[in-house]
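In this note's numbering, the protein residues as written are 153 to 345.
Just so you know, even glycine gets a beta-carbon here, dropped at the ideal spot from N, CA and C.
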Amino acid sequence: SPVWSWTAAADQVGQHAIEAKVRDGKHNAEGDNSSSANFEIVLPPNNAPVMSSLTADSESPQVTGTIVTWTAVASDAENDPLQYLFSMDGQVVQDWSDSPVWSWTASADQVGMHAIEVKARDGKHNPEGDSASSANFEIVLPPNNAPALSSLIADMESPQILGAAVNFTAEASDAENDPISYRFLVNGTPAGD
153 SPVWSWTAAA DQVGQHAIEA KVRDGKHNAE GDNSSSANFE IVLPPNNAPV
203 MSSLTADSES PQVTGTIVTW TAVASDAEND PLQYLFSMDG QVVQDWSDSP
253 VWSWTASADQ VGMHAIEVKA RDGKHNPEGD SASSANFEIV LPPNNAPALS
303 SLIADMESPQ ILGAAVNFTA EASDAENDPI SYRFLVNGTP AGD
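Right under this line is the structure:
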């Protein structure tokens, strides 16, 4: 056969001299004539990883104090180990690591809309990251609860005679410890001080 197929193995990377000989069996047993060619085997190119998603375990918006866990999904054609970097509003919040997960507990000073970004790299291409994905997420203040009135107590029992000074004490609480103001009414009409 004038054809030879070669599937090079990984240990055959490099330059090779390929030689073909021909004979007709009536002359030199080692071959009557030959030709050679140089041929190089190289490793296939390493592909950069590809980011496929960045997702949060909670929907936007969320209130301050909520833990939001972000998960990045990336793939690498050669199965190279990947590293991830998370940033929020352009500031690194989790430097390069093997973890595709970042947990964020939003504080009161982070109320507003934020741009979350993740980058992935395999260490064989751009050191700043080969692929990226981003998402917007809003943090809001928790709803403010109305104060709760727990009791209204008179310092004297009813009935009392005209002209008696009766002190009424209201007890209330506020879940957020906001300052509370009181107003007293007599038959729906605001009372004096």
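Considering only the alpha carbon of each residue, which of the options lies closest to residue i?
i: Gly275; options: Val174, Thr218 and Asp232; result: Asp232
i: Ser153; options: Gln167, Ala160, Gln164 and Arg175; result: Arg175
i: Ser303; options: Ile219, Asn297, Ala200 and Ser325; result: Ser325
i: Asn329; options: Asn319, Ile305, Ala298 and Leu337; result: Ala298
i: Gly217; options: Val263, Glu280 and Ala317; result: Val263
i: Val215; options: Gly340, Pro311, Gly344 and Asn296; result: Asn296
i: Ser285; options: Glu192, Gly166, Asn198 and Ala208; result: Ala208
i: Trp248; options: Ala258, Lys271, Ala229 and Ile170; result: Lys271
i: His243; options: Glu269, Ile313 and Pro294; result: Per the sequence shown, residue 243 should be read as Gln rather than His. Residue Glu269 is the option with its Cα nearest to Gln243.
i: Glu280; options: Gly183, Ile193 and Ala200; result: Ala200
i: Gly183; options: Glu171, Asp241 and Thr223; result: Glu171
i: Pro213; options: Glu323, Val318 and His266; result: His266
Answer with buried or exposed for residue i, where buried requires no fewer than 16 other C-beta atoms within 10 angstroms of its C-beta.
i: Lys178; result: exposed
i: Arg273; result: buried
i: Ser255; result: exposed
i: Gln235; result: buried
i: Met203; result: buried
i: Ser157; result: exposed
i: Asn282; result: For the record, residue 282 in the displayed sequence is Asp; it is not Asn. It is buried - the Cβ of Asp282 has at least 16 other Cβ atoms within 10 Å.
i: Leu206; result: buried
i: Ala226; result: buried
i: Ala316; result: exposed
Could you compute how far the alpha carbon of residue i sits from the alpha carbon of residue j?
i: Ser187; j: Leu195; result: 26 Å
i: Ala160; j: Lys173; result: 21 Å
i: Asn190; j: His168; result: 6 Å
i: Ala221; j: Pro252; result: Residue identity check: residue 221 is Thr in the sequence provided, not Ala. Going by the C-alpha atoms only, they are around 10 Å apart.
i: Lys238; j: Glu211; result: In the sequence on display, residue 238 carries Phe and not Lys. C-alpha separation (whole angstroms): 18 Å.
i: Thr321; j: Asp261; result: 38 Å
i: Gly340; j: Pro331; result: 24 Å
i: Glu230; j: Pro197; result: 10 Å
i: Gly344; j: Pro294; result: 35 Å
i: Gln246; j: Ile193; result: 40 Å
Over what stretch of residues does the beta strand (DSSP E) that includes residue i continue unbroken?
i: Asp261; result: Looking at the DSSP string, Asp261 is not in any beta strand (DSSP E), and its letter there is neither H nor E.
i: Tyr236; result: Gln235 to Met240
i: Gly315; result: Neither: Gly315 is in no beta strand (DSSP E) and is coded neither H nor E.
i: Phe346; result: Only positions 153 to 345 of the chain appear in this structure, which leaves residue 346 out of reach.
i: Val220; result: Ile219 to Ser227
i: Ser186; result: Asn185 to Ile193
### Task
Check whether the region 277 to 293 touches the region 303 to 316, taking contact to mean three or more Cβ pairs, one atom from each stretch, closer than 8 Å.
no
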